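Trainee:
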Amino acid sequence: MLNLAMLLEDSAREQPSREAVVCGSTRLSYAAVEAAANQVAHLLVASGIEPGDRVALACPNVPYFPIVYYGILKAGGVVVPLNVLLKSREIAYHLEDSQAKAFLCFEGTEQLRLGDEGWAGFQAAEKCEHFFLLTADPTASSPIAGAQTLGAALEGRPTTFETVPTEPQDTAVILYTSGTTGQPKGAELSHANMLLNARLYDVMYEWHPHDVQLIALPLFHSFAQTTQMNAGFYSRATLVLLPRFSAADVLTLTQREQVTFFAGVPTMYWELLNADTDSIDLDAVRATLRVAVSGGAPLPPAVLRGFTEKFGVQILEGYGLSETCPTATFNRQDRPVRPGSIGLPVWGVEVRVVDEDGREAPVGEPGELVIKGHNVMKGYFGRPAETAEALRDGWFHTGDIGRRDEDGYLYIVDRVKDLIIRGGFNVYPREVEEALMTHPAVSLAAVVGVPHNRHGEEVKAFVIPTPESTVTEDELVAWSKAAMAGHKYPRLVEFREALPLGPTGKILKRELA
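Quick note: the sequence shown, position 178, residue 171 per this note's numbering, numbers continuous.
#1: Taking the alpha-carbon of Ala506 as reference, which of Val470, Ser473, Phe455 has the nearest alpha-carbon?
#2: Pop quiz: Arg47 and Gln92 are said to be a contact at Cβ under 8 Å. What is the actual Cβ separation, rounded to whole angstroms?
#3: Quick one: using the 10 Å Cβ neighbour count with 16 as the cut-off for buried, is Ala117 buried or exposed?
#4: Under three-state DSSP, which class holds Glu299?
#5: Express the C-alpha separation of Gln221 and Leu107 in angstroms, rounding to a whole number.
#6: Measuring alpha carbon to alpha carbon, tell me which of Trp472, Asp130, Lys481 ends up nearest Glu450.
#7: With Lys453 as the anchor, note down where its beta strand (DSSP E) starts and where it stops.
#8: By alpha-carbon positions, which one of Pro151, Val464, Ala438 ends up nearest to Leu492?
#9: Since I believe Leu126 is in contact with Leu143 (beta carbons under 8 Å), could you give me their beta-carbon distance rounded to a whole number of angstroms?
#10: Please say whether Val166 and Gln206 have beta carbons closer to each other than 8 Å?
#11: Tell me the residue span of the beta strand (DSSP E) that contains Trp388.
#12: Check whether the Cβ atoms of Val14 and Pro59 sit closer than 8 Å, and answer yes or no.
#13: If contact is defined by three or more beta carbon pairs under 8 Å, each pair taking one atom from either stretch, is the segment 66 to 76 in contact with the segment 210 to 221?
#14: Tell me which residue opens and which closes the alpha helix (DSSP H) that Arg6 is part of.
#15: Grouping DSSP H, G and I as helix and E and B as strand, with all else coil, what is Ser462?
#16: Give me whichever residues DSSP pairs with Gln141 in a beta bridge.
#17: Using the rule of at least 16 other Cβ atoms within 10 Å of the residue's Cβ for burial, across every protein chain shown, is Arg298 buried or exposed?
#18: With distances taken between CB atoms, is the gap from Ser508 to Ile308 smaller than 8 Å?
#19: Pairing CB atoms from the segment 35 to 47 with CB atoms from the segment 150 to 166, are three or more of them under 8 Å?
#20: Just reading off the beta strand (DSSP E) that Leu485 is part of, what are its end residues?
#21: With a Cβ-Cβ cutoff of 8 Å, do Met187 and Leu(-3) count as a contact?
#22: To the nearest angstrom, how far is it from the Cα of Gln141 to the Cα of Ser135?
#23: Excluding five sequence neighbours on each side, which residues of the same chain lie with their C-beta closer than 7 Å to the C-beta of Asp508?
#24: Between Gly395 and Leu403, how many whole angstroms is the CB-CB distance? I'm expecting something under 8 Å.
In structure tokens:
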């Protein structure tokens, strides 16, 4: 038997009174988190959740997330974390594609904002057998007719639970990702995948008897979920949850909670570097902060150097994907750090740089990064063709172009063709284009990434309007904001009479970019 929930269970046995989760005025011990997760497990089993059933969770960085996450695992279920910025149409797609049997959704997210169409998350979940509303006040009654609050559903349930046996290769989590074409697809990650990636903490960082991790990255994303939450519970750390990133809040919490470990995307480090620190005791921050990790997008060298000078800690860059749990390479503390490099393959993982024929590329020459190891997904849920394309001869083909230096350090040269990375989040142009073309005034659309000082890239749409169209750029941006997740919709729109085409009729996006 192997179940990812043992990360919480073992730490709760060893350090029951240690603070596990801090969020605002809420402070929960390991014993309290374990007890609440056990109640969730009882609820799910009583609701008919069986081993292998998918259970979706949409929740920001609040204590509900780890409690429900581990409760699902204890019940033998498969966690399907959803981006809290998704709209009703997008939620419905993920629930249907994953065949989710239950959906637990926090009331404060975009899914549950009361609008013209009602409570979007509740409506999107109509095909799920069970829907539970996570209310900010656990004792509050449901504002939605027919929806039960989790607080009410857990009332009186036992706080002990015998975890349902699962095998190492059973699916624990389905993380939704996408290629540069098509709809998002769910990467199936096993209990062994996730647990071994979390335990990389042992070999990636110098051991510390009690780390305090500040989690400002969204927990529905693989970066924070594995590198911070799962690794944090494994190492018996205290997790300080920040529901919404702001540089001021990060600095205040780092000082107040004596944070030792922070992870972020480059835009976060850029904001921290440029933040007003007049009210912060920088010496106190420097005294406790010992690990800073960056991923999601390349970190500008100037930001890396400036952050190190200001806060006294070296940023460690790494690389990974949802399909690799995510960590595949890393600049470790026990090796020299090379700015601009994504580091070396982590323990138990092989990374090759191959040419178009699958042969090892010479040192310094670019090629596709392919990965093999304990961190590689089982496949894409319900998509055998896409799985076969991505997993060939035991190697996961990332589509990312990299190079290796003479000492084995890896560097990203280019990204997946057409992929946009905005503030560390992947944006897939075809998905945005398909949504834009549902607007009656849009005849054709092409979406590209353009340089942006803060976000790295911004989403821009080139649109051929219909002949009778009177829509303005601002109106189309506003429509897009209502129709798509916050990181996806184009902030920039340019109308054109024609788009550049290649000999086969394909839009030449490189010319647009």
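Just so it is clear, CB atoms sit at the ideal spot from N, CA and C, and this is done for glycine as well. Here the structure is a predicted model, which is why all the values come from computation and not from measurement.
Mentor: If we stick to the structure as given:
#1: To locate residue 506, count along the sequence shown from 1; it is residue 513. Minimum Cα distance to Ala506 is reached at Phe455.
#2: What you label residue 47 is simply residue 54 of the sequence shown in a count that begins at 1. What you label residue 92 is simply residue 99 of the sequence shown in a count that begins at 1. So it is a contact: roughly 6 Å between Cβ atoms.
#3: Locating residue 117 in the sequence shown gives position 124, where the first residue counts as 1. Answer is buried; the Cβ neighbour count reaches 16.
#4: Within the sequence shown, numbered from 1, the residue matching residue 299 stands at position 306. The sequence given here places Gly at residue 299; Glu does not occur at that position. If DSSP states are grouped into helix, strand and coil, Gly299 belongs with the helices.
#5: Position 114 of the sequence shown holds residue 107. Position 228 of the sequence shown holds residue 221. In this prediction, Leu107 scores a pLDDT of 41, lower than 50, which makes its location untrustworthy; the coordinate-derived value is nonetheless stated afterwards. Leu107 and Gln221: Cα-Cα distance of roughly 32 Å.
#6: The residue you call residue 450 lines up with position 457 of the sequence shown. Of the candidates Trp472, Asp130, Lys481, the one whose C-alpha sits nearest the C-alpha of Glu450 is Lys481.
#7: Start at 1 with the first residue of the sequence shown, and residue 453 comes out as number 460. Residues 449 to 458.
#8: As a working mapping, residue 492 is identified with position 499 in the sequence shown. The shortest C-alpha separation from Leu492 is found at Ala438.
#9: Against the sequence shown, residue 143 aligns to sequence position 150. Against the sequence shown, residue 126 aligns to sequence position 133. That belief holds up - the Cβ atoms of Leu143 and Leu126 are roughly 7 Å apart, short of 8 Å.
#10: What you label residue 206 is simply residue 213 of the sequence shown in a count that begins at 1. What you label residue 166 is simply residue 173 of the sequence shown in a count that begins at 1. No, they are not a contact pair.
#11: The residue you call residue 388 lines up with position 395 of the sequence shown. Start and end: 388 to 397.
#12: For the purposes of this step, residue 14 is identified with residue 21 of the sequence shown, where counting begins at 1. For the purposes of this step, residue 59 is identified with residue 66 of the sequence shown, where counting begins at 1. In this structure, Pro59 lies closer than 8 Å to Val14 by Cβ.
#13: yes
#14: Indexing the sequence shown from 1 puts residue 6 at position 13. First-last of the alpha helix (DSSP H) with Arg6: -1 to 7.
#15: If you number the sequence shown from 1, residue 462 lands on position 469. Correct three-state label for Ser462: coil.
#16: Mapped onto the sequence shown, residue 141 falls at position 148. In the DSSP output, where bridge partners are listed per residue, Gln141 has Phe125.
#17: Here residue 298 corresponds to residue number 305 of the sequence shown, with the count starting at 1. Exposed: under 16 other Cβ atoms inside 10 Å.
#18: Not covered by the structure: residue 508. The range shown for the chain is -6 to 506.
#19: yes
#20: On the sequence shown, residue 485 is found 492 positions in, with the first residue counted as 1. Taken as a continuous stretch (DSSP letters only), the beta strand (DSSP E) holding Leu485 covers 485 to 488.
#21: Here residue 187 refers to the residue found at position 194 when the sequence shown is read from its first residue. Here residue -3 refers to the residue found at position 4 when the sequence shown is read from its first residue. Yes; because the gap between Cβ atoms is below 8 Å, this pair is in contact.
#22: As a position in the sequence shown, residue 141 is number 148, starting the count at 1. As a position in the sequence shown, residue 135 is number 142, starting the count at 1. In a straight line, the C-alpha of Gln141 is about 6 Å away from that of Ser135.
#23: With the chain represented from -6 up to 506, any question about residue 508 goes unanswered, as that position is not in the structure.
#24: Numbered from its first residue, the sequence shown carries residue 395 at position 402. Numbered from its first residue, the sequence shown carries residue 403 at position 410. That belief holds up - the Cβ atoms of Gly395 and Leu403 are roughly 5 Å apart, short of 8 Å.
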